[in-house]
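Positions 1 to 266 (the UniProt record's numbering) are the ones given, in order, by the sequence shown.
Yeah, the Cβ is synthetic: ideal placement off N, Cα and C, and Gly gets one too.
Presented below is the structure to which this report refers.
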Amino acid sequence: MTDDDGASVTDSEEEIVEELIEEIVVEELIEEAVEEAVEEIVVEEMVEELIEEAVLDEEAAEVLAEEELLAQAAAAAAEAAISPYDKPGKWYVLHTQSGYENKVRQNIEARTRSMAMDAKIHEVAIPMEEVTEFKAGKKVIAQKKMFPGYLIIRCSLDDDSWYVIRNTPGVTGFVGAGNKPSPLSRREVEEFIRTADSPTDDSPKRARPRLEYELNETVRVKEGPFADFSGSVVDIDEDHMKMKVLVNIFGRETPVELEFSQVAKL
């Protein structure tokens with residue numbers, strides 16, 4: 001074989017080798033491309049799974065939140081169905097200065113927390129009622145205290161709770177016969193705690209009659225929680241058209257602040 005033939009053989013071998021190398025490179029490139037495509041598919045599937053999980057978690061959270069709201073509403077409805085008289089403790093009446101009822105309630109609640117008496121002093125309330133008034137020629141519905149100068153408190157009364165309540169600034173005493181606080185009856189509790197019905201458009205205007213009253217005069221209460229009670233006038237505020245009448249409440253003579261429109265001469 002000549003040199004030319006030898007050169008030809010060598011060239012052919014080199015070409016074959018180059019072709020093989022090219023094929024290998026192409027195969028490797030194809031494999032890499034396939035691997036990348038597979039990885040992309042896997043990543044896409046993972047992303048889709050994560051999105052689906054996130055959507056499911058969000059839906060589950062919404063369902064849970066809705067269930068919690070329904071449970072809370074059911075619990076609130078169940079609690080509302082329970083008479084306040086049947087809750088732990090008993091209800092008592094506290095006497096305080098008229099106009100300071102909210103402040104005294106805040107004082108009691110603050111002392112209850114600071115002295116860790118939550119297990120014995122449960123609730124303090126100011127009995128309210130809705131009344132219709134006319135202001136600037138317009139009828140408005142206002143919230144007014146049923147018993148100015150009084151609070152009601154639900155507590156498990158013993159020496160400790162009595163001390164905390166009685167020594168709260170603004171509290172002048174419990175209402176009761178002698179020195180013994182008298183708990184309210186079921187009827188009284190449900191009457192004082194209930195939400196007052198909204199007055200209708202036909203509700204009459206509360207008149208403010210110009211009447212002359214005298215100290216120690218006996219008058220009859222004609223409206224409000226003490227309707228049909230009689231008592232002696234012990235203080236008169238003509239500027240504000242109010243008076244204090246000594247009424248027998250829970251077996252004790254107690255001054256009650258009333259508007260002139262709430263009483264009548266005997």
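- Taking 8 Å as the cut-off, the Cβ atoms of E257 and P84 do not count as close.
- Contact holds between the segment 144–158 and the segment 93–105, because three or more Cβ pairs, one in each stretch, are under 8 Å apart.
- Inside the UniProt domain "NusG-like N-terminal" (88–196), DSSP marks whole beta strand (DSSP E) runs of 3 or more residues at positions 90–96, 121–125, 128–135, 138–145, 150–155, 171–174, from first to last along the chain.
- DSSP, reduced to helix, strand and coil, places I30 within a helical segment of the structure shown.
- Beta-bridge partners of V247 (DSSP): T254.
- Here DSSP, grouped into helix, strand and coil, assigns A264 to strand.
- Across the set K222, E214, A227, the C-alpha of E214 shows the shortest separation from the C-alpha of V234.
- Nearest Cα to K120 within the set E190, F229, L157, E188: L157.
- Approximately 16 Å separates the beta-carbon atoms of L246 and G224; this is outside 8 Å, ruling out the contact.
- S182 is positioned such that its CB atom lies closer than 8 Å to that of F250.
- Of the residues E15, M146, I193, the one whose Cα lies closest to the Cα of R154 is I193.
- P88 sits exposed, since fewer than 16 C-beta atoms from the chains shown fall within 10 Å of its C-beta.
- For the 8 Å CB-CB criterion, E109 and I126 do not form a contact.
- For the pair T112 and V164, the CB atoms are nearer than the 8 Å cut-off.
- About 4 Å separates the CB atoms of V104 and G170; that is less than 8 Å, so the two are in contact.
- In the DSSP annotation of this structure, I82 is not part of any beta strand (DSSP E), being labelled neither H nor E.
- Nearest to S185 by alpha-carbon distance, out of D86, V17, L29, V124, is D86.
- Taking every protein chain shown into account, the CB of E36 has fewer than 16 other CB atoms within 10 angstroms, so this residue is exposed.
- CA-CA distance, H122 to N107, rounds to 14 Å.
- Look at E259 here: in three-state DSSP terms it is strand.
- Among the bridge pairs identified by DSSP, S232 is matched with T218, L246.
- Between the beta-carbon of K145 and that of M128 there is about 6 Å, and that keeps the pair under the 8 Å contact cut.
- When the beta-carbon positions are compared, K242 and E259 come within less than 8 Å of each other.
- Taking the C-beta atoms as reference points, K265 is found no nearer than 8 Å to V221.
- Residue pairing from DSSP places D237 in a beta bridge opposite K242.
- Between the alpha carbons of E19 and M46 lies a gap of roughly 40 Å.
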